[in-house]
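Participant: First the structure, which I've put down as structure tokens, then a few questions once you've had a look.
2 protein chains.
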Amino acid sequence: MILDAAARLATVEGLEGLSIARLADKAGFSKSGLFAHFGSKEELQLATIEAAWEVYGREIIEPALRENDPVARLRGLAEGFLTLIGGDVFPGGCFFASATAEFDTRPGPVLDRLTVLDDEWMRNLSEQVSAARAEGLFRETVDPEQAAFDINAFLHLANERYTLHHDATDLDRARRSINAYLSAAATT
Amino acid sequence: MILDAAARLATVEGLEGLSIARLADKAGFSKSGLFAHFGSKEELQLATIEAAWEVYGREIIEPALRENDPVARLRGLAEGFLTLIGGDVFPGGCFFASATAEFDTRPGPVLDRLTVLDDEWMRNLSEQVSAARAEGLFRETVDPEQAAFDINAFLHLANERYTLHHDATDLDRARRSINAYLSAAATT
DNA sequence: GCGGAAAGCGACCGGTCGTGCTATGTATTG
DNA sequence: CAATACATAGCACGACCGGTCGCTTTCCGC
Chain A
117 MILDAAARLA TVEGLEGLSI ARLADKAGFS KSGLFAHFGS KEELQLATIE
167 AAWEVYGREI IEPALRENDP VARLRGLAEG FLTLIGGDVF PGGCFFASAT
217 AEFDTRPGPV LDRLTVLDDE WMRNLSEQVS AARAEGLFRE TVDPEQAAFD
267 INAFLHLANE RYTLHHDATD LDRARRSINA YLSAAATT
Chain B
117 MILDAAARLA TVEGLEGLSI ARLADKAGFS KSGLFAHFGS KEELQLATIE
167 AAWEVYGREI IEPALRENDP VARLRGLAEG FLTLIGGDVF PGGCFFASAT
217 AEFDTRPGPV LDRLTVLDDE WMRNLSEQVS AARAEGLFRE TVDPEQAAFD
267 INAFLHLANE RYTLHHDATD LDRARRSINA YLSAAATT
């Protein structure tokens, strides 16, 4: 519960800007009481990352991977992301986009973990493209990593712009672009 | 000169995380001496934004807009962005991507200015698409704002990933995607 | 050569940060 | 019932933050 609040707060104030005092206040603890659970701020950040990743796994990845064909899984990942962003779970937009933007020039265990999880997200996307190609649903000319890059690009910019303007138009733009992209990649 | 250093530093430490003391140290001034030039930290941030925007105008926008046909201008904007990102002017990646990610949940004059400049950047892109359509270079089915969104998405993700991994592959991915996109939009 | 404005400096303020150390309650266990 | 483990709170610390103040230096118009 503490970590869920931490993840939510981190999208607004940043993972580093999230102060232990404010988080403790939000969770109804004293500063030192909360601090005792984690040995350091970095441990708190790492635990917050895991909590956020669990949300993504539960809300996006697992439901999407339960679909039958790879194209549906791909659509599930994208739609799950856009739905999560459009909801109010993370008031400051995608947790990992915020955190990565903040830590991309701050080497250390936090950035390492964020990098691993971003790679895993990209791998999830590209694997579905590979599978779609293997099943003959996508053209052979479609490069899985390039396709993962493109789809992720639409999702990321939608997140940025929606966080900024809270206008669902930007989410729909990503939906339209991804639809067009998948249609162009399809064999039929 | 101070503001150029500020813009460079801000991409690494963040526009808010950039402390007056560290900037003064970097620029060879005393803290109070530097502070006297700006009435507040916010004024410093706003001045830094203007300095960074001038770099973008000089290095990307103006050269690109000197091209003859709109498609070349579009390519110029994209290539100018990727070249600037790939250079070492902004060690922490695109200044505006960093700053916007940091301030997107922090209302105030800084966010207002960032929003205006982002709109202007998007307008630059979409206007070239409109012009290309008007000159018969792009299909009538191409939506200028949607196209600007898509191209900007490729550029933004390339920036994120290049800042993270310093691997030129990500810049090339954006180049490839934009090339494919422009080819698909062309009438020929 | 001189006077005043401007620029730059160091010291300092109140506040917040992360982080230790210590005490107090509160269960659990023998 | 006593003793031990654990969760939480209180408090103080050093570091750093943005910001202020008064002093010194520098420079320019006369």
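Protein sequences, first through last, are from chains A and B.
Straight run, no breaks: the first sequence in the numbering used here ends on number 304.
Straight run, no breaks: the second sequence in the numbering used here ends on number 304.
For every residue, glycine included, the Cβ atom is placed at its ideal position computed from N, Cα and C.
Values in this document were obtained by computation on a predicted structure and should not be read as measured data.
(1) Where does alanine 302 of chain B sit, in a helix, a strand or coil, going by DSSP?
(2) Is the shortest distance between the beta-carbon of histidine 272 of chain A and the beta-carbons of chain B less than 8 angstroms?
(3) Rounded to whole angstroms, what is the Cα-Cα separation between leucine 193 of chain A and leucine 287 of chain B?
(4) Check whether the Cβ atoms of serine 214 of chain A and alanine 122 of chain A lie closer than 8 angstroms to each other.
(5) Counting only the same chain and skipping the five closest in sequence on each side, list residues whose C-beta sits under 6 angstroms from that of leucine 160 of chain A.
(6) Could you tell me which chain B residues have their CB closer than 7 angstroms to the CB of leucine 233 of chain A, listed as they occur along the chain?
(7) Which value, in whole angstroms, describes the spacing of the CA atoms of phenylalanine 219 of chain A and lysine 157 of chain A?
(8) Report yes if the C-beta distance between isoleucine 176 of chain B and glycine 208 of chain B is below 8 angstroms; otherwise report no.
(9) Report the rounded CA-to-CA distance for leucine 190 of chain A versus alanine 300 of chain A, giving the unit in angstroms.
(10) Would you list, in sequence order, the uninterrupted alpha helix (DSSP H) runs of no fewer than 4 residues that lie entirely inside the stretch 244 to 285 of chain A?
(11) Return the CA-CA distance between valine 226 of chain B and proline 223 of chain A, expressed in angstroms with no decimal places.
(12) Could you check whether leucine 150 of chain B and isoleucine 136 of chain B sit closer than 8 angstroms to each other, using their CB atoms as the reference points?
(13) Interface residues of chain B around asparagine 268 of chain A at Cβ under 7 angstroms?
(14) Does DSSP classify arginine 182 of chain A as helix, strand or coil?
(15) At least one CB of chain B closer than 8 angstroms to the CB of valine 128 of chain A: is that the case?
(16) Tell me which same chain residues have a C-beta within less than 8 angstroms of the C-beta of glycine 252 of chain A, skipping the five on either side of it?
(17) Do the CB positions of proline 260 of chain A and arginine 277 of chain A come within less than 8 angstroms of each other?
(18) Whose Cβ in chain A lies nearer than 8 angstroms to the Cβ of aspartate 220 of chain B?
(19) Taking only beta-carbon positions, decide if glutamine 262 of chain B is within less than 8 angstroms of chain A.
(20) Apart from the five residues just before and just after isoleucine 293 of chain A, which ones in its own chain have a Cβ nearer than 7 angstroms to its Cβ?
(21) When you compare only the Cα positions, how much space is there between arginine 138 of chain B and glutamate 132 of chain B?
(22) Determine, using beta carbons only, whether phenylalanine 265 of chain A and leucine 280 of chain B come nearer to each other than 8 angstroms.
(23) Count the other CB atoms, across all protein chains shown, that sit within 10 Å of the CB of alanine 152 of chain A; report buried if there are 16 or more and exposed otherwise.
(24) Nearest-angstrom Cα distance between asparagine 184 of chain A and glutamate 236 of chain A?
(25) Roughly how many angstroms lie between the CA atoms of isoleucine 201 of chain A and valine 171 of chain A, to the nearest whole one?
(26) Does arginine 292 of chain A have its Cβ less than 8 angstroms from a Cβ in chain B?
(27) Which parts of the stretch 185 to 221 of chain A are runs of the alpha helix (DSSP H), unbroken and 4 residues or longer, counting only runs that do not cross its ends?
(28) Classify leucine 150 of chain B as helix, strand or coil using the three-state DSSP reduction.
(29) Is there at least one Cβ from chain B nearer than 8 angstroms to phenylalanine 265 of chain A's Cβ?
(30) Just mark aspartate 234 of chain A as buried or exposed, buried being the case when its beta carbon has 16 or more other beta carbons within 10 Å.
(31) Just the Cα atoms here: how many angstroms apart are arginine 124 of chain B and phenylalanine 211 of chain B?
(32) Mark asparagine 295 of chain A as exposed unless 16 or more other C-beta atoms lie within 10 angstroms of its C-beta, in which case mark it buried.
(33) So isoleucine 118 of chain B is in the alpha helix (DSSP H); what residue range does that whole segment cover?
(34) Which residues in chain B have a C-beta closer than 8 angstroms to the C-beta of serine 214 of chain A? List them in chain order.
(35) Tell me which residue opens and which closes the alpha helix (DSSP H) that arginine 138 of chain B is part of.
(36) For valine 232 of chain B and arginine 174 of chain B, what's the separation of their Cα atoms in angstroms?
Facilitator: Put simply:
(1) Numbered from its first residue, the second sequence carries residue 302 of chain B at position 186. It is a strand residue.
(2) As a first step, residue 272 of chain A is located in the first sequence; it is residue number 156 there, counting from the start. Yes, because at least one Cβ of chain B sits closer than 8 angstroms to the Cβ of histidine 272 of chain A.
(3) Stepping through the first sequence from its first residue, residue 193 of chain A is reached at position 77. Stepping through the second sequence from its first residue, residue 287 of chain B is reached at position 171. Near 24 angstroms, if we compare the C-alpha coordinates of leucine 287 of chain B and leucine 193 of chain A.
(4) Here residue 214 of chain A corresponds to residue number 98 of the first sequence, with the count starting at 1. Here residue 122 of chain A corresponds to residue number 6 of the first sequence, with the count starting at 1. It is not a contact, given that the beta carbons lie outside the stated cut-off.
(5) Position 44 of the first sequence holds residue 160 of chain A. Closer than 6 angstroms at Cβ, skipping near neighbours: Phe154.
(6) Counted from its first residue, the first sequence places residue 233 of chain A at position 117. In chain order: nothing, as chain B lies at least about 12 angstroms away.
(7) Taking the first residue of the first sequence as 1, we reach residue 219 of chain A at position 103. Taking the first residue of the first sequence as 1, we reach residue 157 of chain A at position 41. Roughly 14 angstroms between the two C-alpha positions.
(8) Numbered from its first residue, the second sequence carries residue 176 of chain B at position 60. Numbered from its first residue, the second sequence carries residue 208 of chain B at position 92. Contact flag unset, no.
(9) Residue mapping note: residue 190 of chain A aligns to position 74 of the first sequence, counting from 1. Residue mapping note: residue 300 of chain A aligns to position 184 of the first sequence, counting from 1. Each residue's alpha carbon lies about 14 angstroms from the other.
(10) 260 to 281
(11) In the second sequence, the residue the question calls residue 226 of chain B occupies position 110. In the first sequence, the residue the question calls residue 223 of chain A occupies position 107. Looking at the two C-alpha atoms, the distance is approximately 27 angstroms.
(12) In the second sequence, residue 136 of chain B corresponds to position 20, counting from 1. In the second sequence, residue 150 of chain B corresponds to position 34, counting from 1. Closer than 8 angstroms, so yes.
(13) Taking the first sequence and counting its residues from 1, one reaches residue 268 of chain A at position 152. Near asparagine 268 of chain A (Cβ distances below 7 angstroms), the residues of chain B are Leu273.
(14) Here residue 182 of chain A corresponds to residue number 66 of the first sequence, with the count starting at 1. It is coil, neither helix nor strand.
(15) For the purposes of this step, residue 128 of chain A is taken as the residue at position 12 of the first sequence. Yes, valine 128 of chain A lies at the interface with chain B (some Cβ there is under 8 angstroms from its Cβ).
(16) In the first sequence, residue 252 of chain A corresponds to position 136, counting from 1. Excluding residues within five positions, the ones whose Cβ falls inside 8 angstroms are Thr303.
(17) Taking the first sequence and counting its residues from 1, one reaches residue 260 of chain A at position 144. Taking the first sequence and counting its residues from 1, one reaches residue 277 of chain A at position 161. No. Outside cutoff.
(18) Within the second sequence, the letter at position 104 stands for residue 220 of chain B. Correct list: Gly208, Gly209, Glu276, Thr279 and Leu280.
(19) Here residue 262 of chain B refers to the residue found at position 146 of the second sequence. With 8 angstroms as the cut-off, glutamine 262 of chain B counts as an interface residue toward chain A.
(20) Position 177 of the first sequence, counting from 1, holds the residue named residue 293 of chain A. Correcting the residue type first, residue 293 of chain A is serine in the shown sequence and not isoleucine. Contacts found: Phe270.
(21) Mapped onto the second sequence, residue 138 of chain B falls at position 22. Mapped onto the second sequence, residue 132 of chain B falls at position 16. Looking at the two C-alpha atoms, the distance is approximately 12 angstroms.
(22) For the purposes of this step, residue 265 of chain A is taken as the residue at position 149 of the first sequence. For the purposes of this step, residue 280 of chain B is taken as the residue at position 164 of the second sequence. For phenylalanine 265 of chain A and leucine 280 of chain B, no; Cβs fall outside 8 angstroms.
(23) Reading the first sequence from its first residue, position 36 is the one you call residue 152 of chain A. Exposed, since its Cβ has fewer than 16 Cβ neighbours within 10 Å.
(24) The sequence position of residue 184 of chain A within the first sequence is 68, counting from 1. The sequence position of residue 236 of chain A within the first sequence is 120, counting from 1. In a straight line, the C-alpha of asparagine 184 of chain A is about 20 angstroms away from that of glutamate 236 of chain A.
(25) The residue labelled residue 201 of chain A in the question sits at position 85 within the first sequence. The residue labelled residue 171 of chain A in the question sits at position 55 within the first sequence. If I take the Cα positions, the gap works out to 12 angstroms.
(26) Indexing the first sequence from 1 puts residue 292 of chain A at position 176. Answer yes: the Cβ-Cβ gap between arginine 292 of chain A and chain B drops below 8 angstroms somewhere.
(27) 186 to 202 and 211 to 219
(28) By 1-based counting over the second sequence, the position of residue 150 of chain B is 34. In this structure, leucine 150 of chain B counts as helix in the three-state DSSP scheme.
(29) The residue given as residue 265 of chain A occupies position 149 in the first sequence. Chain B, which has a Cβ nearer than 8 angstroms to the Cβ of phenylalanine 265 of chain A, makes this yes.
(30) Within the first sequence, residue 234 of chain A is the residue found at index 118, counting from 1. That one is buried.
(31) Start at 1 with the first residue of the second sequence, and residue 124 of chain B comes out as number 8. Start at 1 with the first residue of the second sequence, and residue 211 of chain B comes out as number 95. Rounded to the nearest angstrom, the two C-alpha atoms are 8 angstroms apart.
(32) Within the first sequence, residue 295 of chain A is the residue found at index 179, counting from 1. Its Cβ having fewer than 16 others within 10 Å, asparagine 295 of chain A is exposed.
(33) On the second sequence, position 2 is the one that residue 118 of chain B refers to. 118 to 129 is the extent of the alpha helix (DSSP H) around isoleucine 118 of chain B.
(34) As a first step, residue 214 of chain A must be located in the first sequence, where it is residue number 98. By Cβ distance, chain B contributes Ala217.
(35) Here residue 138 of chain B refers to the residue found at position 22 of the second sequence. Residues 136 to 143.
(36) Position 116 of the second sequence, counted from the first residue, corresponds to residue 232 of chain B. Position 58 of the second sequence, counted from the first residue, corresponds to residue 174 of chain B. So the alpha carbons of these two residues sit roughly 18 angstroms apart.
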